[in-house]
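In this text, residue positions in the sequence shown follow numbering that gives the first Met the number 0: the first is 0, and each later residue adds one. C-beta atoms are modelled at their ideal positions from N, C-alpha and C, and glycine is treated no differently. If you're wondering where the values come from, they're calculated on a predicted model, not measured in any experiment.
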Amino acid sequence: MQRRAKGSLLILIFICLSALGQDSAWDAPMQAGKNAMAKRQYSEAEKSFREALAVAEKFGEKDARVSGSLLFLAQACDAQAKMDEAEALARRAADSMNKAHKPKQAEQQFQQIEAASALFDKAGDLFASHQKYPDAEMLYQGVIHIRETAVEEKHAPQNNEDFFRFAIQVATNAQGALAGAHEKLGHLYFAEHKFPEAAAAYEKARNIREPNPDKHVLAQTITNLATCYAAQAKYDQAESLYQRALALFEQANWTEKPETLQTMQSYALLLKTTGRDTEASTMLEKVATIRKKLDQMPR
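Structure follows, in structure tokens:
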């Protein structure tokens, strides 16, 4: 399945939580822990994050820095194969964020929406990597709920709060983030071989992305949906989607990109599966030609 590259969600959480409340007593051990994680000094990172958690807890259980500290600590424990402890900490982080995520003013929504979404997403990733799929699903659904709330808008802004809410939607690409959240859930369902559920999630993502001028982004979503149909032996539906995805890649001048090659390979597999070996071989020859060209390009 195709997944778009994302920046570090942990960095995003740290930035957003720092913006919500500046305190050097918390920032310093958090930064030390992040630095230790980057150096793979996980035991040292754990110590720093525990220190940050102790500081954060003084602010009260509804302070978002508590949930952030817990998630970073969960990551450090997970890196040391302390799986049970990591899961317990991730659950605490999510529970804590549920209490903290109550923005009172529209101006505060950016930090809280992004911090809460990133935290639930990253905690979901932890459970998904442990194959604790129900826990991961619940957290990814939480991201969708937050993102859906963020894209709700009043058609005629009447006051400053309405204006700030609209500005936040534009600045944060709220629709794109919501589509990404549905797609993430689709990836989870696909990993579980829950193909009808995955298709429904990808379909929601596609409907949101349809008006998006970034055709290559829509093409990747459509490829995911096509692969989901192919896995259910719905070959006619899958083929038409692969063809549309490739057309979108071409319109976006994206024909010589890894994402396009992956779509072509998936389409070739469908052609081979349906007995069209000659067409499949032709498609794979195109893939090989483009890949050779990309390999020869200076990096």
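query, result
"In whole angstroms, give me the CA-to-CA distance for A305 and T277.", "Absent from the structure is residue 305, since the part of the chain shown begins at 0 and ends at 298."
"By the three-class DSSP mapping on this structure, what secondary structure does M296 have?", "coil"
"For R290 versus L260, is the C-beta spacing smaller than 8 Å?", "yes"
"Tell me which residues share the same chain as E182 and place their Cβ nearer than 6 Å to its Cβ, disregarding the 5 neighbours each side in the sequence.", "A204"
"Between which residues of its own chain and K271 is the CB-CB distance below 7 Å, once the five residues before and five after are set aside?", "A279"
"Under the three-state reduction of DSSP, which class applies to E255: helix, strand or coil?", "coil"
"With a threshold of 8 Å, are at least 3 pairs of Cβ atoms found where one atom belongs to the region 43 to 51 and the other to the region 60 to 74?", "yes"
"Enumerate, from N- to C-terminal direction, the unbroken alpha helix (DSSP H) stretches of 4 or more residues contained entirely within the region 208 to 261.", "214 to 230, 234 to 250"
"Any idea if T288 is buried or exposed, counting beta-carbon neighbours within 10 angstroms, 16 or more meaning buried?", "exposed"
"Leaving out the 5 sequence neighbours to the left and right, which residues in its chain are closer than 8 Å to E255 when beta-carbon positions are compared?", "I289, K292, L293"
"What are the boundary residues of the alpha helix (DSSP H) that includes G59?", "Looking at the DSSP string, G59 is not in any alpha helix (DSSP H), and its letter there is neither H nor E."
"What residue range is occupied by the uninterrupted alpha helix (DSSP H) comprising G32?", "23 to 37"
"Quick check on N172: buried or exposed, where buried means 16 or more other Cβ atoms within 10 Å of its Cβ?", "exposed"
"T148 lies in the alpha helix (DSSP H); which residues open and close that run?", "132 to 150"
"What is the C-beta distance between D120 and V142, in whole angstroms, given that I count them as a contact (C-beta under 8 Å)?", "5 Å"
"Could you round the C-beta distance between Q79 and S42 to whole angstroms and report it? I think they count as a contact, below 8 Å.", "7 Å"
"So for A204, helix, strand or coil by DSSP?", "helix"
"Let's see if you can read the secondary structure: which residues bound the alpha helix (DSSP H) around K183?", "173 to 190"
"What does the Cβ neighbour count give for K153, buried or exposed, with the cut at 16 atoms within 10 Å?", "Legend: pLDDT at K153 = 47, less than 50; position of this residue unreliable, value from coordinates given subsequently. K153 is exposed by the Cβ-count criterion."
"To which residues of the same chain is A197 closer than 6 Å at the C-beta, ignoring the five residues directly before and after it?", "G185, Y188, F189, C227"
"Leaving out five residues on either side along the sequence, give the residues of the same chain with a beta carbon under 8 Å from the beta carbon of A93.", "S66, L118, F119, A122, L138, G141"
"Take the Cβ of R91 as the centre, count every other Cβ of all protein chains shown within 10 Å, and call the residue buried at 16 or more, exposed below.", "buried"
"Indicate the three-state DSSP secondary structure (helix, strand or coil) for R275 in the structure shown.", "coil"
"Which residue from P212, K214, H215, A225 puts its Cα closest to that of A200?", "A225"
"State the start and end residues of the unbroken alpha helix (DSSP H) segment that holds A93.", "82 to 99"
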